[in-house]
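*Asks:*
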Amino acid sequence: MPTPTALAIVVAHYALAMLLSVAYFRRYRMPQPPLGVMNLSDVALALVCIVVVPYLHVLAPSWASTGFLALVMGGLFALLLEPMIPRRRWRWLLALAGVALGIAAPSLRPGDSHVFTAVNNALIVLAVVSIANVWVQSGASARTLVVMAIAVTVYDFVFTGRLPLTADLFARLDHRPFEPLIGWRDGPVWPAMGLGDTLMASAFVLGLYKAWGRGAAAAGLGAMLLVLPVLFLRPFFGTLFVTDAYPAMVVIGPVQWAVYAACRRRHGPERTLGACRGRAARPTVSGSGSVEQRTATAPHWPGEGGPTPPSPGRGSVDQSFTTTSNAITAPASKRMPCSS
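Position one of the sequence shown corresponds to residue 0 (numbering that gives the first Met the number 0), numbered consecutively onward.
#1: How long is the line joining the alpha carbons of G212 and H56, rounded to whole angstroms?
#2: From the DSSP output, in three-state form, read off I341 for me.
#3: Per DSSP, which residues does L230 bridge with? Please list them.
#4: How close, in whole Å, do the beta carbons of L125 and L198 come, if the pair is a contact with beta carbons under 8 Å?
#5: Of the choices M192, D185, A63 and P187, whose alpha-carbon is the least far from that of T165?
#6: Grouping DSSP H, G and I as helix and E and B as strand, with all else coil, what is G193?
#7: Enumerate in chain order the residues of its own chain whose CB-to-CB distance from L122 is below 6 Å, with the five nearest sequence positions on each side excluded.
#8: Within the same chain, show all residues whose beta-carbon is closer than 7 Å to that of L15, passing over the 5 residues directly before and after it, in chain order.
#9: Evaluate the contact criterion for the stretch 221-233 versus the stretch 138-154: three or more CB pairs, one atom per stretch, below 8 Å.
#10: Would you be able to state if there are at least three C-beta pairs under 8 Å between the stretch 90-107 and the stretch 201-210?
#11: Beta-carbon within less than 7 Å of A131's beta-carbon, same chain only, minus the 5 sequence neighbours each way: which residues are those?
#12: Could you pull the start and end residues of the beta strand (DSSP E) that G182 belongs to?
#13: Within the same chain, show all residues whose beta-carbon is closer than 8 Å to that of R28, passing over the 5 residues directly before and after it, in chain order.
#14: Y13: buried (16+ other C-beta within 10 angstroms of its C-beta) or exposed?
#15: Would you kindly check if the distance between the Cβ of G221 and the Cβ of G152 is under 7 Å?
#16: Inspect the beta-carbon positions of A11 and P190 and report whether they are closer than 7 Å.
#17: Please report the residue range of the alpha helix (DSSP H) in which G273 lies.
#18: Please determine, among P187, I8, D196 and R175, the residue with the shortest C-alpha to C-alpha distance to F115.
#19: Report all residues from its chain with a CB closer than 7 Å to the CB of Q255; omit the five preceding and five following residues, and keep chain order.
#20: Helix, strand or coil for S137? Go by DSSP, reduced to three states.
#21: Please report the straight-line C-alpha distance between L68 and G74, rounded to a whole angstrom.
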């Protein structure tokens, strides 16, 4: 049985990833989402990657596997830092410093696994925050994220619970740079949450926040925390699985679907990313004292229901655009600001 300290540390990092994902979304806007609007086609592509990449890690030489993970992590750190640090040079220096720290982590204190685990946990949490925001700030709906979760649940049941692929992957990446899990090595039995499980939980909570606001996000966060006792009491499902790795999505996926269905029934249709950002008319008082409606000027990303940005002219540098002055806007009582 894992120690209470180890369990507390893993739960804290798991919750921190979800909370930081929402906090980052509220404060920072990625200047240009690197993806189009995420839809079911992207879900299919992601599932292909989920199936193929573990086999590449298991079959590829260790240097190739570490190099691939370093490139991916460096890109994720740079995306995360882009709205925070405008200067590209400093942004990439910090991203590369994070990669260098991850590569050096296993050898910082060879006799103390806690140092490596602490560094690795921090880097995995940052990667989760980056990916979750890339998805949601690219327009992914809560429904799309739940469909992906159900698909990953099926994958997890087969490839983690019934086949040895995931167990072989974690054995190969054990105590190596960018080990894809959050854990705490304390005793012969120690708890851990996979990167994929933490990512699906964080993206789900963030998707609920974008779709319906704080109340829905709080419900999702509570549900994702309540599944942990079931995950850590694995004898409850021990007869279903034949490997040492526990398929957490078998529990997380159905819970996400139930929470999504309840929020949809309670709050109605999801709001778009543009509506979440509070892109609505604000009443202003003119010089004569009359109240006018002023339209916000924040840009719409494709798929948000707003106007498509005009293509810049040949040689043009400025690609900014604003909404039209005669846009139809909702009354203030109907708006759902993103801080709700």
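Positions of the beta carbon are idealized from the N, C-alpha and C atoms, including for glycine. These numbers come from a predicted model, not from an experiment.
*Replies:* Let me spell this out:
#1: Along the sequence shown, read from residue 1 onward, the residue named residue 212 stands at position 213. Along the sequence shown, read from residue 1 onward, the residue named residue 56 stands at position 57. Taking the straight line from one Cα to the other gives about 38 Å.
#2: Within the shown structure, residues of the chain are numbered from 0 to 339, placing residue 341 beyond reach of any answer.
#3: Sequence index remark: in the sequence shown, residue 230 carries index 231 (1-based). Its beta-bridge partners do not exist; DSSP assigns none.
#4: What you label residue 125 is simply residue 126 of the sequence shown in a count that begins at 1. What you label residue 198 is simply residue 199 of the sequence shown in a count that begins at 1. Not really, about 12 Å apart at Cβ, beyond 8 Å.
#5: Counted from its first residue, the sequence shown places residue 165 at position 166. The option with the nearest alpha carbon to T165 is M192.
#6: Residue 193 sits at position 194 when you count from the first residue of the sequence shown. G193 sits in a strand when the DSSP states are folded into three classes.
#7: For the purposes of this step, residue 122 is identified with residue 123 of the sequence shown, where counting begins at 1. Excluding residues within five positions, the ones whose Cβ falls inside 6 Å are G101.
#8: Counted from its first residue, the sequence shown places residue 15 at position 16. V124.
#9: no
#10: no
#11: Residue 131 sits at position 132 when you count from the first residue of the sequence shown. Within the same chain, A131 has close Cβ partners S20, L198, S201, A202 and L205.
#12: Translated into positions along the sequence shown, residue 182 becomes position 183. Here the beta strand (DSSP E) through G182 covers L180 to G182.
#13: As a working note, residue 28 is residue 29 in the sequence shown. If you ignore the 5 residues before and after R28, its C-beta comes within less than 8 Å of the C-beta of P82, Q136 and R276, all in its own chain and listed in chain order.
#14: On the sequence shown, residue 13 is found 14 positions in, with the first residue counted as 1. That one is buried.
#15: If you number the sequence shown from 1, residue 152 lands on position 153. If you number the sequence shown from 1, residue 221 lands on position 222. Residue identity check: residue 152 is Thr in the sequence provided, not Gly. No, these two residues do not count as a Cβ contact at 7 Å.
#16: The residue given as residue 11 occupies position 12 in the sequence shown. The residue given as residue 190 occupies position 191 in the sequence shown. Cβ atoms of A11 and P190: not closer than 7 Å.
#17: Translated into the one-based positions of the sequence shown, residue 273 becomes position 274. Where G273 is concerned, the enclosing alpha helix (DSSP H) stretches over L272 to C275.
#18: Stepping through the sequence shown from its first residue, residue 115 is reached at position 116. Nearest C-alpha to F115: R175.
#19: Counting from 1 along the sequence shown, the entry for residue 255 is found at position 256. If we look at Q255 and ignore the five residues flanking it on each side, its Cβ neighbours are V145, A148 and F203.
#20: Counted from its first residue, the sequence shown places residue 137 at position 138. Three-state result, S137: coil.
#21: Within the sequence shown, numbered from 1, the residue matching residue 68 stands at position 69. Within the sequence shown, numbered from 1, the residue matching residue 74 stands at position 75. Whole-angstrom Cα-Cα distance: 10 Å.
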